[in-house]
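Protein chains in written order, with my numbering: chain V, 890 to 1411; chain C, 890 to 1411.
Every residue gets a Cβ at the ideal spot worked out from N, C-alpha and C, and that includes glycine.
Scroll down for the structure; my scribbles are underneath it.
2 protein chains.
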Amino acid sequence: MNATSEPMIAAPESAGRRGRRGPRVKGALTQLPWGPLRNPVPPVEVLSLDHLETIRLTSLRLLAETGMEMHDPWARDVLKAAGCAVDHGTMRVRFDPAFIEAQIARAPSTFTLRARNPARSLTLGGNTVNFGSVVGPPYCSDLDRGRRSGTTEDVRNFVRLLQSLNTIHYLYGTPFEAMDLAPEVRHLQGYLNGIELTDKVWGSWMLGRFRAEDAIEMACLTFATDRDGLQRDPALIGNINTNSPLVLDAAMTHGARAFAECGQAVIVTPFTLAGAMAPATMAGALVGQNAEALATIALLQVVQPGMPCVYGSFASNVDMRTGAPAFGTPEYAKAAFASGQLARLQGLPWRSSNACAANVEDAQSAYESQMSIWSTVMSHCNLMIHGGGWLEGGLTASFEKLILDAEMLQMMVSMLQPIAVDEGALGLSTFAEVGPGGHFFGATDTFGRYEDAFYAPLVSDWSNFENWRDRGSLTASQRANGVWKKMLDEYEAPPIDPDLLRDLTGYVDRRKSEIRAGIGVE
Amino acid sequence: MNATSEPMIAAPESAGRRGRRGPRVKGALTQLPWGPLRNPVPPVEVLSLDHLETIRLTSLRLLAETGMEMHDPWARDVLKAAGCAVDHGTMRVRFDPAFIEAQIARAPSTFTLRARNPARSLTLGGNTVNFGSVVGPPYCSDLDRGRRSGTTEDVRNFVRLLQSLNTIHYLYGTPFEAMDLAPEVRHLQGYLNGIELTDKVWGSWMLGRFRAEDAIEMACLTFATDRDGLQRDPALIGNINTNSPLVLDAAMTHGARAFAECGQAVIVTPFTLAGAMAPATMAGALVGQNAEALATIALLQVVQPGMPCVYGSFASNVDMRTGAPAFGTPEYAKAAFASGQLARLQGLPWRSSNACAANVEDAQSAYESQMSIWSTVMSHCNLMIHGGGWLEGGLTASFEKLILDAEMLQMMVSMLQPIAVDEGALGLSTFAEVGPGGHFFGATDTFGRYEDAFYAPLVSDWSNFENWRDRGSLTASQRANGVWKKMLDEYEAPPIDPDLLRDLTGYVDRRKSEIRAGIGVE
């Protein structure tokens, strides 16, 4: 582990890194190897084809009749030039269904993003499943120091874990906000974190054009290419949200415009919480989601035909008594199944989330996350953002939850490996060798499979009650605390050309000065 | 709640039932209504038809070549008379594949069990899904008194909760052992608990003929019928386990024989832990499971052609480093999917479990249980035993875990309700009313859906961090503690004819005396 990460860790008992509080993890950490995941099981589908088409057609009617507010004049101009009905006074744009269908048909159903390490490239579409980190929380938390505003060093440690975790295929250089930095320069440090501390595909800020432009510039440096090269071989992906219902605001448009002009991938995610930003029905939330995603992707396809776009879904519901958003609910899972169907019907890669509403890494956090994970993976989400670390409805990035999520994601990866059915695995001769009432532990065949017969957990404790109690009665969350510390200890930075790092740091420093001076911040 | 349950509860602050420690739950408990569950989504299938058939054929070869040890001489006699190859010396029975197939074909693919309350009857088969309670643990636990040997009153309180929980469709009158009773009479009290405190279908002991016979006698009293009547309209179901690999012991055979002779339902569940009681492969565990289940069901079909039998599965794996059994693992989930396929292929209702290895109601307990619940429900388990309350690999029945499980099961029930797709739900006019950027909370349509638009949780806390913290930072497990106490407070015993209760109590008292005297204990 990089020594600069040490100051975040309280070390009351000793001066070294071993002085950290909390349980120690003995032995090496075991993880599944890095690898792209494909879900070989046909997707679970909860909507009939008839109902699916009804939802799609209703969303097209909604775009034709009510339309969408586009707050950025450029977007309205583009759509007006493309033949849409635009009212600049009300900012309302109404869309012809055939126009939407034609634009959506231009978007690729599968595309690949290059990573600094070619082995870490991502393919989105088809039955690929990729897991990403949490992004966005204003807080971070761990068992030692509780919930707090995070610093750059907290962020960098979290990013080191994201690099180390093989089940995280994609990450943000700032999984949570670094509150020691001014808001307008956090993205620069985040990109640097992503490039320096990891060799995976990293996500871009999309709020305002300048943040997207900085991502493009730093990607060009990283890949020693120019914008044309980046467009030919895209590396960047950023998420924009509509302001549901039916609004696309200016700041998000600016970020998306920069990416569209350079052919980098844009995820469009409506935030349709049924009962608040959508009708109090899941069909209504899906209609709103589909309308907002399609209209926004259509805009991007007009600007850059064939550019990679991702259909984002975040349909869930509120608690009708309090208005509180709820995640990992039965409605959330149902909407995830349906969203996968809508994305496939419309030929778009699909993005989902591992969301929960729990405030602490307890049973609720796990069962809500499992509702999210199972429903989205079984309906072939191509990119699960917030896959690791999300807590508290997205307001906190938790170090322990990251490890617990990694365990849950690993279990899905392992579960989706097909059951081997061959003569050895079927075991007829092993049964004959062992015989009725025997024990297979000593069988010849078992010996050969000893090392990797079954999934080895990261944090689960399978020991019996007495052993577990005698080791301190640690909960999964407490054990996860020991795991992330050990993983930080074992972190190895991926190799990076010192010249590149110098150039990137130079770029970041220069841009920080410019931004402080008010240059290039639109 | 029955006043006799009070002594188990420490009441330091006051004399009344309100004096219980732990969090109080405000307001009425909200539950989904009682109702049979059908899974409308096609089952998830992980094995190709080719591999599925290979596993089936290999299990038939295993029964033909290695065969099974049948420890009860009666069973060997029955099978010998039916044409099987029997060696009384080694107790080995070898089966012709055509014999097995012919017997299995006699078992019904669907059957119904009557409950004391006709509305609580259970149908097993097809896409029905029924959830049952934990059964078998030597310990019980709750947050107030920890893990301990349970008493009759502990058991009766747990059974009251099982009656109260609408998501529990089926239960055992002793979800855990009442250690204040002699082992040989616990079943009598358990049956009485099931009949008196609940009106649902209750499960029978199968260890030794006398326990099964007592269940039959008490069912005859309950339904005011005789054995012929019970056979025409079965009410009882009991689970027997094979001693994997490939052994059926005498005590289990005796219980199953009693049920077979009276046409009551028998679940046959091999316990094929890969790496211990089966080869260290999931294909091998499935081959073993299928062989043992089929041979045992074939025996029962010879005795009572057409009797209701259930294909049980419990395939999981051990930790190869320690030999510890593991549950809710990726292998467990994979085997569950495959077991559903095998059961359907062979035309048998299918039994599974909600199992976990965790020692405490933490995140691990929830994510392991969700692995079990999702995989078994999505592969159409007809009866999930251990659905509520299982902890610690089945060694403890936890009051808090029961509530957490009920929440997870309710979420599945809710998720499986189809998305309503009609004009009102699609919400086109509601979108028009609210318009871009508006809020749906005040919409006309929302008002009409306010009460039951979304799933209302039993124990999940969706409040924000500050409110959650100010209310005591309670974990899901701590909140579950409050829920089960409130549920006990609100428990209402189902009506029962006093004459029936007197007759049942008389039967139990008489049998206790007889058993103490060594009469009717074989």
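Same chain, Cβ closer than 6 Å to residue i, five either side skipped, listed in chain order
i	result
His-1143 (chain V)	Gly-1097 and Arg-1098
Met-1267 (chain C)	Val-933
Ala-1222 (chain V)	Met-1260 and Ser-1264
Phe-1288 (chain V)	Asp-1031 and Trp-1373
Asn-1434 (chain C)	Past the boundaries of the shown model lies residue 1434 (chain C); chain C is included only from 890 to 1411, so the question cannot be answered.
Pro-1231 (chain V)	Checking the sequence shown, residue 1231 (chain V) turns out to be Leu, not Pro. Contacts found: Asn-1179.
Thr-1012 (chain V)	Thr-1001
Thr-919 (chain C)	Ala-1345
Ala-974 (chain C)	Arg-983
Spatial neighbours of residue i in its chain, beta-carbon cut-off 8 Å, leaving aside the 5 residues before and after
i	result
Met-890 (chain V)	Because Met-890 (chain V) carries a pLDDT of 30, less than 50, the predicted location of this residue cannot be relied on, and the following value inherits that uncertainty. Once the five neighbours on either side are set aside, the close Cβ partners of Met-890 (chain V) are Arg-906, Arg-1049, Leu-1377, Asp-1378, Glu-1379 and Tyr-1380.
Arg-1233 (chain V)	Pro-932, Trp-1239 and His-1269
Glu-1250 (chain V)	Leu-1280, Ser-1287, Glu-1289, Lys-1290, Leu-1293, Ala-1365, Ser-1366 and Ala-1369
Cα-Cα separation, residue i to residue j
i	j	result
Ser-1242 (chain C)	Gly-1021 (chain C)	9 Å
Tyr-1339 (chain C)	Thr-1063 (chain C)	40 Å
Asn-1370 (chain V)	Leu-1280 (chain V)	15 Å
Asp-1088 (chain C)	Ile-1126 (chain C)	15 Å
Arg-1146 (chain V)	Leu-1189 (chain V)	7 Å
Gly-1277 (chain C)	Val-1023 (chain C)	6 Å
Asn-1019 (chain V)	Asn-1271 (chain V)	6 Å
Met-1171 (chain C)	Val-1207 (chain C)	11 Å
Ile-1308 (chain C)	Pro-1007 (chain C)	30 Å
Trp-1091 (chain V)	Arg-1121 (chain V)	18 Å
Asp-1117 (chain V)	Gly-1212 (chain C)	57 Å
Thr-1394 (chain V)	Phe-1343 (chain C)	50 Å
Ile-993 (chain C)	Asp-966 (chain C)	19 Å
Gly-1327 (chain C)	Glu-1106 (chain V)	37 Å
Ile-1404 (chain V)	Met-1141 (chain V)	19 Å
Ala-1332 (chain C)	Thr-1131 (chain V)	20 Å
Leu-921 (chain C)	Val-1323 (chain V)	48 Å
Residue i: first and last residue of the uninterrupted alpha helix (DSSP H) it sits in
i	result
Cys-1198 (chain V)	Unbroken run through Cys-1198 (chain V) is the beta strand (DSSP E), 1198–1201; no alpha helix (DSSP H).
Own chain partners of residue i with C-beta closer than 7 Å, once the 5 adjacent residues on each side are dropped
i	result
Leu-1390 (chain C)	Glu-1085
C-beta atoms of residue i and residue j nearer than 9 Å
i	j	result
Ala-1174 (chain V)	Ala-1163 (chain V)	yes
Asn-1046 (chain C)	Pro-929 (chain C)	no
Val-1155 (chain V)	Phe-1148 (chain V)	yes
Leu-949 (chain V)	Pro-986 (chain V)	yes
Ile-1274 (chain C)	Asn-1082 (chain C)	no
Leu-1135 (chain C)	Phe-1320 (chain V)	yes
Tyr-1061 (chain V)	Gly-1039 (chain V)	no
Val-1176 (chain V)	Gly-1316 (chain C)	yes
Leu-1293 (chain C)	Ala-1286 (chain V)	no
Pro-1168 (chain C)	Phe-1203 (chain C)	no
Ser-1205 (chain V)	Ala-1215 (chain V)	yes
Leu-884 (chain V)	Leu-1051 (chain V)	This structure leaves residue 884 (chain V) out entirely; chain V is present only between 890 and 1411.
Met-1166 (chain C)	Phe-1329 (chain V)	yes
Pro-1219 (chain C)	Ser-1303 (chain V)	yes
Asp-1334 (chain C)	Ser-1318 (chain C)	yes
Pro-1325 (chain V)	Glu-954 (chain C)	no
Ala-1104 (chain V)	His-1058 (chain V)	no
Span of the beta strand (DSSP E) around residue i
i	result
Cys-1029 (chain V)	1028–1031
Asp-1294 (chain C)	Run containing Asp-1294 (chain C): none in the beta strand (DSSP E); it sits in the alpha helix (DSSP H), 1288–1304.
Trp-1239 (chain C)	1239–1242
Met-959 (chain C)	957–959
Residue i Cβ short of 8 Å to the ligand MG heavy atom set
i	result
Ala-1382 (chain V)	Among the components modelled here there is no ligand, and therefore nothing to report on the ligand MG.
message = Can you pull out the residues from the segment 1368–1388 of chain V whose beta carbon lies closer than 9 Å to at least one beta carbon of chain C?
response = Residues passing the 9 Å Cβ filter: Arg-1368 and Ala-1369.
request  = With 8 Å as the C-beta to C-beta threshold (strictly closer), list the residues of the segment 1313–1336 of chain C near chain V in chain order.
outcome  = Result list: Gly-1313, Ala-1314, Leu-1315, Gly-1316, Leu-1317, Thr-1319, Phe-1320, Ala-1321, Val-1323, Gly-1324, Pro-1325, Gly-1326, Gly-1327, His-1328, Phe-1329, Phe-1330, Ala-1332, Asp-1334 and Thr-1335.
ask   = Given a limit of 9 Å on CB to CB distance, which residues of the segment 1248–1276 of chain V reach chain C?
value = Going along the segment 1248–1276 of chain V in chain order, one finds Asn-1248, Val-1249, Glu-1250, Asp-1251, Ala-1252, Gln-1253, Ser-1254, Ala-1255, Tyr-1256, Glu-1257, Ser-1258, Gln-1259, Met-1260, Ile-1262, Trp-1263, Ser-1264 and Met-1267 with a Cβ nearer than 9 Å to chain C.
query = Mind listing which residues of the segment 1123–1145 of chain V have their C-beta closer than 8 Å to chain C's C-betas, in chain order?
reply = The residues in question are Asn-1132, Pro-1134, Leu-1135 and Val-1136.
query = In chain order, what residues of the segment 1350–1367 of chain C put their CB closer than 8 Å to some CB of chain V?
reply = Taken in chain order, the members of the segment 1350–1367 of chain C whose beta-carbon sits within less than 8 Å of a beta-carbon on chain V are Asp-1350, Trp-1351, Ser-1352, Asn-1353, Phe-1354, Trp-1357, Arg-1358, Ser-1362, Thr-1364, Ala-1365 and Ser-1366.
ask   = Listed in chain order, which residues of the segment 1041–1071 of chain C have Cβ atoms closer than 9 Å to some Cβ of chain V?
value = Taking 9 Å as the Cβ-Cβ cut-off against chain V, none of the residues of the segment 1041–1071 of chain C qualify.
task = Select from the segment 1163–1197 of chain V all residues with a C-beta closer than 9 Å to any C-beta belonging to chain C, and list them in chain order.
result = Those residues of the segment 1163–1197 of chain V that come within reach of chain C (Cβ to Cβ, closer than 9 Å) are Ala-1163, Gly-1164, Ala-1165, Met-1166, Ala-1167, Pro-1168, Ala-1169, Thr-1170, Met-1171, Ala-1172, Gly-1173, Ala-1174, Leu-1175, Val-1176, Gly-1177 and Ala-1180.
key: Residues of the segment 936–963 of chain C whose Cβ lies closer than 8 Å to any Cβ of chain V, in chain order   = Hits within the stretch, in order: Leu-936, His-940, Thr-943, Ile-944, Thr-947, Arg-950, Leu-951, Glu-954, Thr-955, Gly-956, Met-957 and Glu-958.
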